[in-house]
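**Student:**
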Amino acid sequence: MESVDIVIAGAGPTGLLLAVWLKTLKRDIKLRIFDRASGPGTTSRALVVHARILEFYRQLGIIDAVLAEASPLDRVSMSSNGQLRGRLEFGEIGKGQSYFPIVLSYPQDKHERLLIKHLISLGVEVEWNKAVVDVAQTGDNVQVTLEGDATIGATYLAGCDGTNSTVRVKSGIGLEGGTYPSRFFVADGVLKQEDAVEGSLAIFGGSDGFTLCFPIGPNGAVRAVGNVPDGAGDEVTFENIRVSHVEDMTRHPFDSVNWSSIYKVHHRVASTFRRGNIFLLGDAAHHHSPVGGQGMNTGLGDATNLAWKLVDVLNGKAGDELLDTYHSERIGFAKWLVNTTDRMFGFIVSKGWFGWFMRTYFLVRIVPLLWRMSFLRPRFFRLVSQCAITYRSGVSQSGLRAGDRLPWITFDTTDNFVPLNRNCWQVHRYCEKAMDAEDLIEGVPIVYFLSTEKCRSQGLMPADDILIRPDGHIGMIAKRSHNAELLAFLKQRA
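Note that this note's numbering has the sequence shown beginning at 11, numbered continuously upward.
Shown next, in the form of structure tokens:
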């Protein structure tokens, strides 16, 4: 039986990015990636890509290709009863917080093709038409059975195989949460009024529900998502409700519909993201509503968090306990999403007077008024962009702490995220005097920056050694004059 370092089940964005990270961080890693489908997806599916993911793609050197195909979401328009009630102008909403102060629309089919192309350049090809049908852990090894009874051994197995994950089920990992009682539609089509949602997310609220329209291409191409009205029948299709429900609510008729589906929305989180040498990522680990475009982005964050930890352990730089932090760091954010954006989604789709109020007044009238409060917009960006994600442990404290994302700082011709492109552990020093040279501390590069008021205001102090993880989060902050803990940590990794 063949044995490899890691098997990845599922070649959606999460599985593909995990494979890309693993091959980038450890070129000699032995991995195989399987998917039950015959090839990559051909529909747009998940659309929104947030700043934190774009920062990861900058590290990987694929950001230019993403920006060439993606489209900015410049605004959100809010309407009810056929009337525009307000707009949320985005523009560069996150200016000063990230190199990418924007929200992008990047259809999942294009997204997957880009990752597949880059993965091939790293020497790995997805093995299509091969479904993982069973898994069994034996000591320090996982035996993976493929459709047709072929088996392969792996040190680790990553379940990136979606909502109905075989890896999760066969590993005996349960789900906590529920399913919204309403049904929902999704449709890709072309509006007759080409500029109806150009450059914007359009939200339409009504007494019977809501519809969201995302631009996915030129000439009026959109993705429409919304609720199926009560009493529509068990066999309802999008065409059954297109005119009477969707077009009546949006007042924008479709010229054509290319693809549609009726589905249920779940809000569930796996009881654990790790069982032995098996890990769950993306939709296999957590299911979310479409609010905020968080689902796919969270899966991509899972892949980034797990990849460097697997590589550190495989390289003998860390013990198995490091892999436990994948669960502890990522499950907290997944549960936070369920308790915030998913709860808000539940309010919006609820029946009765409260749901009606949320759709026709709060969402389309009150939210645009709140948006005028300038101090709220940067906070909104940090949360939605996932730049606010922190892996702090213990009691919450003010100021910069280990686990926080490295604050993004610009200088005359560069920024402090540029060295992250090395995709390695590194120490940052923000000094009172400019230093061009680079040093090593226990084999880890030291990168010097000239301290500025912005650095100090963000907690990057001249007296500190700031250890940065490969994913751009802070691993440790140590006083340079008392850095025994940092030195001991780095010696352990040497």
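Here a beta-carbon is modelled for each residue, glycine too, at the ideal position from N, C-alpha and C.
1) Buried or exposed for tyrosine 440, please, with buried defined as at least 16 other CB atoms from any protein chain shown within 10 angstroms of its CB.
2) I need the DSSP call for lysine 361, collapsed to helix, strand or coil.
3) Does DSSP put proline 263 in a helix, in a strand, or in coil?
4) CA-CA distance, lysine 105 and isoleucine 63?
5) Classify proline 300 as buried or exposed, calling it buried when 16 or more other Cβ atoms lie within 10 Å of its own Cβ.
6) Considering just the uninterrupted stretch of the alpha helix (DSSP H) at isoleucine 3, what are its terminal residues?
7) Where alanine 146 and glutamate 157 are concerned, what is the direct C-alpha to C-alpha distance, given to the nearest angstrom?
8) Counting Cβ pairs closer than 8 Å, one from the region 64 to 71 and one from the region 173 to 180, do we hit at least three?
9) Name the two residues that bound the continuous alpha helix (DSSP H) containing histidine 121.
10) To which residues does DSSP link glycine 188 through a beta bridge?
11) When you compare the CB positions of serine 192 and valine 359, do they come within less than 8 Å of one another, or not?
12) Here's the rule: buried if 16 or more other CB atoms are within 10 angstroms of the residue's CB, otherwise exposed. What is phenylalanine 355?
13) According to DSSP, leucine 201 sits in a beta bridge with which residue or residues?
14) Output the residue ranges of the alpha helix (DSSP H) runs that lie fully inside the region 334 to 420 and measure 4 residues or longer, sorted by chain position.
15) Looking at C-alpha atoms only, which residue of Asp244, His60, Val30 and Gly485 is the closest neighbour of isoleucine 72?
16) Does the separation of the CB atoms of glycine 20 and aspartate 171 fall below 8 Å?
17) Buried or exposed, going by whether 16 or more other CB atoms sit within 10 Å of the CB of methionine 368?
18) Measuring alpha carbon to alpha carbon, tell me which of His276, Ala197 and Leu332 ends up nearest arginine 353.
19) When you compare only the Cα positions, how much space is there between glutamate 99 and aspartate 84?
20) Measuring only the C-alpha atoms, how far is tryptophan 318 from leucine 28?
21) If the criterion is Cβ atoms closer than 8 Å, does the pair threonine 314 and aspartate 481 meet it?
22) I want to know whether the region 196 to 203 touches the region 248 to 268 - three or more CB-CB distances under 8 Å.
23) Per DSSP, what kind of secondary structure is tryptophan 435 in: helix, strand or coil?
24) Once you ignore the five residues that flank glutamate 102 on each side, which residues in its own chain have a CB closer than 8 Å to its CB?
25) Mind reading off the beta-carbon distance from asparagine 506 to leucine 477? Whole number of angstroms is fine, and I expect it under 8 Å.
26) Which residues bound the beta strand (DSSP E) around isoleucine 63?
27) Going by DSSP, what residue range makes up the alpha helix (DSSP H) through glutamine 502?
28) Going by CA-CA distance only, name the one from Gly362, Val279 and Gly302 that's closest to glycine 342.
**Tutor:** The short version:
1) buried
2) coil
3) coil
4) The alpha-carbon atoms of lysine 105 and isoleucine 63 are separated by roughly 16 Å.
5) buried
6) Within the shown structure, residues of the chain are numbered from 11 to 504, placing residue 3 beyond reach of any answer.
7) Approximately 15 Å between the Cα atoms of the pair.
8) Judged by Cβ distances under 8 Å, the region 64 to 71 makes no contact with the region 173 to 180, as fewer than three pairs qualify.
9) For histidine 121, the enclosing alpha helix (DSSP H) covers residues 118 to 131.
10) His277
11) yes
12) With a threshold of 16 other beta carbon atoms within 10 Å, phenylalanine 355 meets it and is buried.
13) Leucine 201 has Phe264 as its beta-bridge partners, per DSSP.
14) Within the region 334 to 420, the complete alpha helix (DSSP H) runs of at least 4 residues fall at 351 to 359, 362 to 367, 377 to 381 and 386 to 394.
15) Closest by alpha carbon: Val30.
16) yes
17) buried
18) His276
19) 6 Å
20) 10 Å
21) Between threonine 314 and aspartate 481, the C-beta gap is smaller than 8 Å, which places the two residues in contact.
22) yes
23) DSSP places tryptophan 435 in coil when its eight states are reduced to three.
24) Pro111 and Ile112
25) Residue 506 cannot be examined here, being either before or after the span of the chain that is shown, 11 to 504.
26) Here isoleucine 63 belongs to no beta strand (DSSP E); instead the alpha helix (DSSP H) covers 61 to 70.
27) 494 to 503
28) Val279
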